[in-house]
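K.L.:
Count the sequence shown with our numbering and you get residues 13 to 118, in order.
The beta carbon of each residue, even a glycine, is placed where N, CA and C say it ideally should be.
In this text the structure is predicted, and so the values were computed from the model without any measurement.
After the structure tokens below, expect a handful of questions from me.
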Amino acid sequence: MTDENDCHEALLTQQTSLPGADSHGALPCWTPDPELWFAESPASVEDAKALCLPCPLRAQCLAGALERREPWGVWGGQLLVSGAVVAYKRPRGRPRKNPLASSAAA
């Protein structure tokens, strides 16, 4: 399997040759922190998704990721987990078996 930074770099190389990509600077994913697109924190994942919104290549990016069956990461403004689009990233750890007392009283 390739390193996540290698995958991101390959995608950027492909995308910058597409119409609508004037330069690396025009793409929101061309950042000094490529790990943002593969973040563990749900808040960081939401930040990455928000950066994708104005991107002119968002649809092509998502289509390419689905075609390549990318296992994880933010692609085209969507979060992929196990190669499928999911609405949000769950925080680390197991979900609670019982609701918290404060949420049960509400």
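Thinking C-alpha only, which one of Ala-62, Lys-109, Arg-106 and Val-86 is nearest Ala-51?
P.N.:
Comparing Cα positions, the closest option is Val-86.
K.L.:
DSSP three-state label for Gly-85, please.
P.N.:
It is a strand residue.
K.L.:
If I measure Cβ to Cβ from Tyr-100 and keep anything under 8 angstroms in the same chain, skipping five residues before and after, which residues do I get?
P.N.:
Pro-54, Val-57, Glu-58 and Leu-91, listed in sequence order.
K.L.:
Can you tell which of Leu-39, Pro-107, Pro-44 and Pro-103 has the C-alpha that lies nearest to the C-alpha of Leu-65?
P.N.:
Checking every option, the nearest Cα to that of Leu-65 belongs to Leu-39.
K.L.:
Following the continuous alpha helix (DSSP H) through Leu-91, name the residue where it begins and the one where it ends.
P.N.:
Careful: Leu-91 lies outside any alpha helix (DSSP H), inside the beta strand (DSSP E) at 90 to 93.
K.L.:
Between Leu-74 and Arg-104, what straight-line distance do the alpha-carbon atoms span, to the nearest angstrom?
P.N.:
Answer to the nearest angstrom: the Cα atoms are 25 angstroms apart.
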